Amino acid sequence: FRSLQEKIGVVRTRIRHHHVLVVLVAMLIIASALTKVFPRGVSRADFTNTTNATAWSVNGAVYTVTSDATTTYVGGDFQAVGHVVGSFVPIDTASGTHSSSFPKITGTTLAGIIYTIISDGSGGWYAGGEFTQVNGVARKHLVRIASDGTIDPTFNPVIDSGGIFSLALGGGTLYAGGYFTTVDGGTTRNRVAAFNATTGAVTAFDPNIDGTVVTLLLDGTTLYVGGPFTTVNGGTTRNGLAAFNTATGTA
């Protein structure tokens, strides 16, 4: 009987040791998932701050944060960490650094999406995509950023319903293609619209396409349009590719 009790005691001891080992291994796994990245004083709010140029962000979810005397440790489902820069950022080709003063493009929650960028011909840029703000200034899916990095206060067309996938510029006109159906507060423009490149005013150009436009190419007075559509001009068959006269909008 004593021998049986001794055997049971040994088994219980081994089970306890096994449980301790499991806990230790789990702690090591958790510790290895923590990323030592931030100086002390960085708060949880800094991970999603879209206005502070020195704030931090990760490319995934943060599930835990803790700190010691000098370091904040962050753990979660992510692979990279850095400053919040928005969806459009210039990077120096020599040093690899980005400009912290460049306007930050964001969406309704955290980040907006930029699908297309083209030069304005004067050192600035037109950017289109899915976003609602640039440095806190309302700009819906289309913005012009001047050569000095400021937001053009005059150019402010509003893309009411849907984003922009492609831009083309020529003859003082900016052409935009995407999946929108109205612009400037209700003016119907199905998937392609044209704007005065300086004032942002919508023009009469209206090719009226029945499906999303993903690419534009301007060649003189002809605008080539590509995407998963089947009709243009309200009923003319064009499967995936069409060419329009920029003066009339007809295929």
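Each residue of the sequence shown is one higher than the one before, counting from -12 in this note's numbering.
Yeah, the Cβ is synthetic: ideal placement off N, Cα and C, and Gly gets one too.
All values reported here derive from a predicted model rather than from experimental measurement.
Outcome for residue 228 when other beta-carbon atoms lying within 10 angstroms are tallied against a minimum of 16: exposed
Span of the beta strand (DSSP E), counted from its first residue to its last, around residue 131: 129 to 132
N- and C-terminal bounds of the beta strand (DSSP E) containing residue 166: Taken as a continuous stretch (DSSP letters only), residue 166 belongs to no beta strand (DSSP E), as it is neither H nor E.
7 Å Cβ cutoff met for residue 155 and residue 205: yes
Cβ neighbour criterion (16 or more within 10 Å) applied to residue 131: buried
Reference residue 77, options 91, 69 and 231, closest by Cα: 91
Contacts around residue 103, its chain only, beta-carbon distance under 6 Å, and the 5 residues preceding and following it disregarded: Residues of the same chain with a CB within less than 6 Å of the CB of residue 103, apart from the 5 flanking positions on each side, are 115, 153 and 154 in chain order.
Residue interval of the beta strand (DSSP E) (run including residue 183): 179 to 183
Member of 85, 151 and 83 whose CA lies at the smallest distance from the CA of residue 113: Comparing Cα positions, the closest option is 151.
Where the beta strand (DSSP E) containing residue 142 begins and where it ends: Unbroken run through residue 142: none, as it is neither H nor E.
Element boundaries [beta strand (DSSP E), containing residue 152]: Per DSSP, the continuous beta strand (DSSP E) segment holding residue 152 begins and ends at 151 to 157.
Inside the segment 90 to 115 only - beta strand (DSSP E) runs reaching at least 3 residues: 100 to 106
Where residue 79 falls: helix, strand or coil (DSSP): coil
Residue burial classification, residue 233 (beta-carbon count within 10 angstroms, cutoff 16): buried
Status (buried if at least 16 other CB within 10 Å, exposed otherwise) for residue 50: exposed
In DSSP terms, what residue 121 is bridged to: 92 and 124
Span of the beta strand (DSSP E) around residue 233: Segment: none, residue 233 is in no beta strand (DSSP E) and carries neither H nor E.
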